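For reference, the structure discussed in these notes is given below.
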Amino acid sequence: MSLAIPNGLDNTVERPGERAPLVLGETTYHDITEAVCKVAERPPSKGWIGGFLVAFALLQMLGLLIVYLIYTGVGVWGNRAPIFWGWPIVNFVFWVGIGHAGTLISAILFLFRQEWRTSINRAAEAMTIFAVACAGTFPGIHVGRAWLAFWLAPYPSLNLWMWPQFRSPLLWDVFAVSTYGTVSLLFWYMGMVPDLATFRDRSKNKYRRMAYGILCLGWSGSSRHWMRYEKAYAILAALAAPLVLSVHTIVSFDFAVSQVPGWHTTIFPPYFVAGAIFSGFAMVLTLMVPARKMLNLEKLITIRHLENMCKIILATGSIVGLAYGTEFFIAWYGQVPAEQFAFLNRAFGPYAWAYWTMVSCNVISPQIFWFKKARTTPWIIVVVSIFVNIGMWFERFVIVISSLSRDYLPSAWAYFTPTWVDWGMLIGSFGLFFTLFLLFCRTLPVINMAEVKATLAKQEHMAHLHGHGEEAAEGH
């Protein structure tokens with residue numbers, strides 16, 4: 012059967028006493044399996060091939076630029092005194108933030124038993140892994156001597172005369188981000204095991220069957236396997252949930268524990284976490300709205316899923332806007348001249364264009380989601396999500412660059428100008444992200460079939476009970 016949404020079908024409206032469906036139409040368990048498996052089984056479309064070639068070309072450019080950077084030195088960046096943290100750190104914080112939505116959707120919403128997460132959690136988890144891979148690239152090359160980056164690891168060595176400074180939040184980043192990446196990868200993989208077994212059973216190519224057979228760990232679907240799977244999944248969800256708050260909190264400490272005006276503030280941890288969830292959901296929507304159309308998954312990733320994510324973007328965007336205002340209030344209330352100047356310089360100084368771009372994209376554009384029409388119109392959702400992604404990159408740019416460019420000593424003030432290498436690495440990081448995402452769509456289950464089928468079973472059960480209730484009422 013066709014999995015295109017019939018015109019006019021809206022599952023965002025709930026009738027009294029009945030929950031709106033999360034799986035649309037007369038979809039069966041077999042239809043769910045067919046819809047998800049066909050994405051990886053059918054030959055790649057021209058659109059996928061074109062997108063992959065562009066993304067892979069950008070990834071190759073990133074690799075060549077990293078080689079050029081290591082061979083030539085960090086002087087090829089625009090970093091200069093006093094702006095020693097340039098675009099590499101901006102990109103690092105941006106990509107770490109993008110990786111937050113996956114764990115939030117998968118772990119926290121799972122623990123709160125939010126069933127609408129089931130159709131989007133797999134792709135969101137994948138984006139988390141890929142975003143962390145992009146984020147980890149930049150600190151590794153920002154240390155200058157990339158071949159000595161392993162010094163950051165606390166390994167025992169008698170030949171290491173310069174030990175890492177464990178009181179530095181920069182080292183905390185290493186442990187926070189690596190822990191987050193490891194737990195997210197395990198969580199993502201654990202959730203795929205039943206679906207990988209389905210891919211194994213459907214594979215006609217012996218090499219694909221062998222690969223999926225190894226990855227699914229001998230899954231047979233027995234009650235014992237399901238019991239252990241659900242227990243392990245719940246444990247990993249409980250482990251991953253605190254990381255949603257801890258990782259970007261520790262990233263914010265890179266700035267908050269310093270004495271730089273504009274950074275030395277206690278609002279940074281909650282402000283960074285809200286911003287990370289905000290940007291993460293925006294990236295999920297940016298990719299999933301086109302993907303549901305191109306992959307014919309509109310009955311599984313429904314308008315209701317998109318609307319719920321729009322509501323989260325609206326809420327977190329409002330929190331971020333409140334944080335922007337609170338920063339100015341605290342600077343005024345604290346009566347520290349350097350702090351007051353730092354924030355006035357952001358809004359009215361040489362980087363005012365970046366600050367107001369950030370405010371327009373992050374605070375003003377999401378307000379359209381107060382209207383249901385905007386929350387349920389896919390092209391509006393994509394446009395606003397792209398604006399949010401742009402705005403969140405500019406937020407990191409404003410925090411890092413504007414604060415460093417005008418510090419305590421006016422004679423050291425400078426204006427940051429990115430070089431072609433800065434631009435190339437920023438664009439190339441998107442190439443890495445989209446290359447991994449496109450490969451994921453072609454080789455692994457994009458949607459969690461097992462959980463969507465469980466949701467469908469509950470949906471059918473509730474419809475059955477509701478039907479009996481109506482018959483009983485008519486009988487009376």
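Note that the sequence shown ends on residue 487 in the numbering used here; no numbers are left out.
Glycine included, C-beta positions come from ideal geometry on N, C-alpha and C.
None of these values were measured; they are calculated from a predicted model.
Query, Result
"Inter-stretch contact at 8 Å, needing at least 3 Cβ pairs: the region 247–266 / the region 189–203", "yes"
"Buried or exposed (CB count within 10 angstroms, at least 16 for buried), S376", "buried"
"Close beta carbons around V284, own chain, < 7 Å, minus the five adjacent residues each side", "L256, H259, T260"
"Sub-7 Å separation of A146 and G442 beta-carbons", "no"
"With 16 other Cβ atoms within 10 Å as the buried cut-off, status of V78", "exposed"
"Length of the line joining the Cα atoms of R53 and T446", "19 Å"
"Environment of N41 [buried if 16+ CB atoms lie within 10 Å]", "Inspection of the sequence shows that residue 41 is occupied by His rather than by Asn. Classification of H41: exposed, given that the 10 Å Cβ count is below 16."
"Buried versus exposed, by CB contacts within 10 Å (16 or more), S56", "exposed"
"When T39, V347, L308, L75 are compared against S440, the one with the closest alpha-carbon", "L75"
"CA-to-CA distance, F289 to A112, given in whole angstroms", "8 Å"
"Residue range of the unbroken alpha helix (DSSP H) whose run includes N373", "Neither: N373 is in no alpha helix (DSSP H) and is coded neither H nor E."
"V131 versus P421 - alpha carbon distance", "Position check: residue 131 holds Ile in this sequence, whereas Val was assumed. Distance between the alpha carbons of I131 and P421: 50 Å."
"Enclosing alpha helix (DSSP H) for F352 [first to last residue]", "348–359"
"Straight-line gap, R357 to A302 (C-alpha atoms, nearest Å)", "37 Å"
"With 16 other Cβ atoms within 10 Å as the buried cut-off, status of T209", "buried"
"Separation of R235 from G229, as counted between CA atoms", "13 Å"
"Cβ-Cβ distance between G89 and T368 below 7 Å", "no"
"Span separating the alpha-carbon of F279 from that of V143", "21 Å"
"Residue closest to F352, alpha-carbon to alpha-carbon, out of W237, P272, M72", "P272"
"Residues that DSSP places opposite I314 in a beta bridge", "In DSSP, I314 forms no bridge with anything."
"Same chain only: Cβ atoms within 6 Å of A118, ignoring 5 sequence neighbours per side", "A248, A251, A252"
"Cutoff 7 Å; reference Y223; Cβ partners in own chain excluding five residues on either side", "L207, F210, R211, S214"
"Within 7 Å, strictly: CB atoms of L449 and F141", "no"
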